[in-house]
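All letters in the sequence shown, in the order written, are residues 7 to 123 by our numbering.
C-beta atoms are modelled at their ideal positions from N, C-alpha and C, and glycine is treated no differently.
Inspection log for the structure reproduced underneath, given as structure tokens.
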Amino acid sequence: MNALVFGIKWERPVLRERITLRLKQRLDQGLIEEVERLHQEGVSWASLHFYGLEYRFIAAHLQGELNKNDMYQKLNSAIHTFAKQQEKWFRRMERKGVDIHWLDGEGDVLDQARSYL
7 MNALVFGIKW
17 ERPVLRERIT
27 LRLKQRLDQG
37 LIEEVERLHQ
47 EGVSWASLHF
57 YGLEYRFIAA
67 HLQGELNKND
77 MYQKLNSAIH
87 TFAKQQEKWF
97 RRMERKGVDI
107 HWLDGEGDVL
117 DQARSYL
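Right, dumping it as structure tokens:
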């Protein structure tokens, strides 16, 4: 089976800005309340740890391990670090011969992807 592999390319400052903005939006849209509700409905703190970075750091905040500002700063930093790791994964894939079709994040990525079909 042949697979098409796509990656969306952003300039690093733009990517950093987008990550931070998206985190702020998710928090403003009730992510903390979502994590709290999940726990109240029976999801353990330990299980929330495996739901992803956001859930892990917010769970720590809700348990009193981090104040809200520290939670935000540490979570934002962790997401940025994860984005760098993803870039490394893509570069490693390319070194192993995987043909990655890079899409310009500033453009219409759906149209760009369609051009490969």
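Limits of the unbroken alpha helix (DSSP H) element including V41: L37 to Q46
Proximal residues to A89 (C-beta, below 7 Å), its chain only, five neighbours per side dropped: L21 and I25
Element boundaries [beta strand (DSSP E), containing K15]: V11 to K15
Minimum C-alpha distance to G111 - residue among P19, N8 and L10: P19
Span of the beta strand (DSSP E) around D110: I106 to D110
Candidates A119, A9 and G13, of which the one nearest E138 by Cα: Examination of residue 138 is not possible in this model, given that the chain is present from 7 through 123 alone.
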